[in-house]
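Colleague: The structure follows.
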Amino acid sequence: MELLQYDDMKKTWHELAKYTDEEMDSDFKLELYRKLQNIFHVGDFYYYIINFGTVQVEWISTDVTRVLGVAHKEDFNLEFLFENIHPDDKDRFVTYERKAISFFNDLEPSKVLNYKLSYDYRVQKADGTYIWILMQCVPIQSNDEGDLIRVLDIHTDISHLKTDNQPSGLSFLGLNGEPSFINVSVEDTFFQVSKQLFTPREKEVIKLTIEGNKSPKVADILMISIHTVHTHRKNIMKKSNCKNWVEFSSKAIANGWV
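First residue of the sequence shown? That's 9 in our numbering, and the numbers climb one at a time after it.
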């Protein structure tokens, strides 16, 4: 039964690529670097590249051995991932993936690379325990028709932020000025654009702070005064109705802000 479910999921991923299998172009590495800048790291993480034409993991970081406890990074593939998703989360995973197909298929070809997919689920480690994974998926290569060829997936351990043990919704976060669709309903045909709670500069401060940077470092990176950083942080806490950054990180994931 597990194998049949995985084969069905494999067909779903294939549909995203329309069965194409194209080589990486000269701009691929640059696009990969750009997309890595849009990823939030709130815990231990690993990342990998999927070729949707072949439905294979083409590359994976060695961090997967630390996060999932597998002996070798080569032990990780899409079938391994699917089979180790918590049974209570598997149907939701399939539903979200299919909704993602619908979303990306409806986009104009020029906008396919301007969105990040985000949701979470539980994955079993090598020792048998489960951890909550925040999955962030960003397309990094498409063809002229807008069909996805390669995507970058980042899995971050957010178990320490899951105080209620409840899953977050499915979100499509706009990049490069595109609108975001937060906690979308899988039943809806049309998505409602989500109101932007934070300014672009506040989002930069959020990303750097969540990743563990102190105010002086944030000020240096953004080339602004530390007073301005403090002002942004206060505004972020006020807008989110949070008392500290630990609370904010948990709420940000639950509400699809990252």
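Beta carbons are placed, not taken as given, at the ideal position from N, Cα and C, and that holds for glycine.
A quick note: this is a predicted structure, and the numbers were derived from the prediction, not measured.
Relative to the C-alpha of residue 129, which candidate in 178, 115 and 226 has its C-alpha closest?
Modeller: On the sequence shown, position 121 is the one that residue 129 refers to. The shortest Cα separation from residue 129 among 178, 115 and 226 belongs to 178.
Colleague: Suppose contacts are defined by Cβ-Cβ distances below 8 angstroms. Is residue 144 in contact with residue 138 by that definition?
Modeller: Residue 144 sits at position 136 when you count from the first residue of the sequence shown. Residue 138 sits at position 130 when you count from the first residue of the sequence shown. Result no, Cβ atoms of residue 144 and residue 138 do not sit closer than 8 angstroms.
Colleague: By DSSP, does residue 191 sit in helix, in strand, or in coil?
Modeller: Taking the sequence shown and counting its residues from 1, the one referred to as residue 191 is at position 183. Correct three-state label for residue 191: strand.
Colleague: Spatial neighbours of residue 229 within its chain, please: C-beta separation below 8 angstroms, excluding the five flanking residues on both sides.
Modeller: What you label residue 229 is simply residue 221 of the sequence shown in a count that begins at 1. The residues are 216 and 221.
Colleague: Which same chain residues end up closer than 8 angstroms to residue 52 when comparing Cβ atoms and leaving out the 5 residues on each side of it in sequence?
Modeller: Against the sequence shown, residue 52 aligns to sequence position 44. These residues qualify, in order along the chain: 71, 74, 75, 164 and 165.
Colleague: Once DSSP output is grouped into helix, strand and coil, what is the label at residue 116?
Modeller: For the purposes of this step, residue 116 is taken as the residue at position 108 of the sequence shown. Here residue 116 sits in coil by DSSP.
Colleague: Since residue 76 is in the alpha helix (DSSP H), which residue starts that stretch and which ends it?
Modeller: Here residue 76 refers to the residue found at position 68 of the sequence shown. Where residue 76 is concerned, the enclosing alpha helix (DSSP H) stretches over 72 to 76.
Colleague: Starting from residue 164, trace the alpha helix (DSSP H) in both directions and tell me its first and last residue.
Modeller: Here residue 164 refers to the residue found at position 156 of the sequence shown. Careful: residue 164 lies outside any alpha helix (DSSP H), inside the beta strand (DSSP E) at 156 to 165.
Colleague: Take residue 188 and list the residues in its own chain whose beta-carbon comes closer than 6 angstroms to its own, dropping the five residues that flank it on each side.
Modeller: Residue numbering aside, residue 188 sits at position 180 when the sequence shown is read from its first letter. Answer for residue 188: 181, 182 and 202, listed in chain order.
Colleague: Give a yes or no on contact between the segment 92 to 106 and the segment 155 to 162, applying the rule of three or more CB pairs nearer than 8 angstroms.
Modeller: In short, these stretches do not touch, since the Cβ pair count stays below three.
Colleague: Leaving aside the five residues before and after residue 258 along the sequence, list all residues of the same chain whose C-beta is less than 8 angstroms from its C-beta, in chain order.
Modeller: As a working mapping, residue 258 is identified with position 250 in the sequence shown. Taken in chain order, the residues that qualify are 169, 170 and 171.
Colleague: Among 110, 84 and 92, whose alpha-carbon lies nearest the alpha-carbon of residue 196?
Modeller: Looking up residue 196 in the sequence shown gives position 188. Nearest option by C-alpha distance: 110.
Colleague: Using a Cβ-Cβ cut-off of 7 angstroms (strictly less than) and excluding sequence neighbours within five positions of residue 108, which residues of its own chain qualify?
Modeller: Locating residue 108 in the sequence shown gives position 100, counting from the first residue. 125, listed in sequence order.
Colleague: Could you pull the start and end residues of the alpha helix (DSSP H) that residue 245 belongs to?
Modeller: Counting from 1 along the sequence shown, the entry for residue 245 is found at position 237. From DSSP, the alpha helix (DSSP H) with residue 245 extends over 234 to 248.
Colleague: Could you give the distance in angstroms between the alpha-carbon of residue 227 and the alpha-carbon of residue 265?
Modeller: The residue given as residue 227 occupies position 219 in the sequence shown. The residue given as residue 265 occupies position 257 in the sequence shown. Spanning the two alpha carbons is a distance of roughly 22 angstroms.
Colleague: When the distance is taken between beta carbons, is residue 135 closer than 8 angstroms to residue 77?
Modeller: Locating residue 77 in the sequence shown gives position 69, where the first residue counts as 1. Locating residue 135 in the sequence shown gives position 127, where the first residue counts as 1. Cβ distance < 8 angstroms, so residue 77 and residue 135 count as in contact.
Colleague: Note down, in chain order, each residue of its chain lying with its Cβ closer than 8 angstroms to the Cβ of residue 64, except the 5 sequence neighbours on either side.
Modeller: In the sequence shown, counting from the first residue as 1, residue 64 sits at position 56. Taken in chain order, the residues that qualify are 58, 85 and 86.
Colleague: Assuming the contact rule is C-beta atoms closer than 8 angstroms, residue 247 and residue 205 should be a hit. Round their C-beta distance to whole Å, please.
Modeller: Here residue 247 refers to the residue found at position 239 when the sequence shown is read from its first residue. Here residue 205 refers to the residue found at position 197 when the sequence shown is read from its first residue. Going by Cβ atoms, the distance from residue 247 to residue 205 rounds to 6 angstroms, so yes, they are a contact pair.
Colleague: Cα separation between residue 174 and residue 90?
Modeller: Position 166 of the sequence shown holds residue 174. Position 82 of the sequence shown holds residue 90. Between residue 174 and residue 90, the C-alpha separation is close to 20 angstroms.
Colleague: Please list the terminal residues of the continuous beta strand (DSSP E) segment that includes residue 205.
Modeller: To locate residue 205, count along the sequence shown from 1; it is residue 197. Where residue 205 is concerned, there is no enclosing beta strand (DSSP E), given that its DSSP letter is neither H nor E.
Colleague: Between 142, 95 and 116, which lies nearest to residue 152 when the distance is taken from Cα to Cα?
Modeller: Locating residue 152 in the sequence shown gives position 144, counting from the first residue. Minimum Cα distance to residue 152 is reached at 116.
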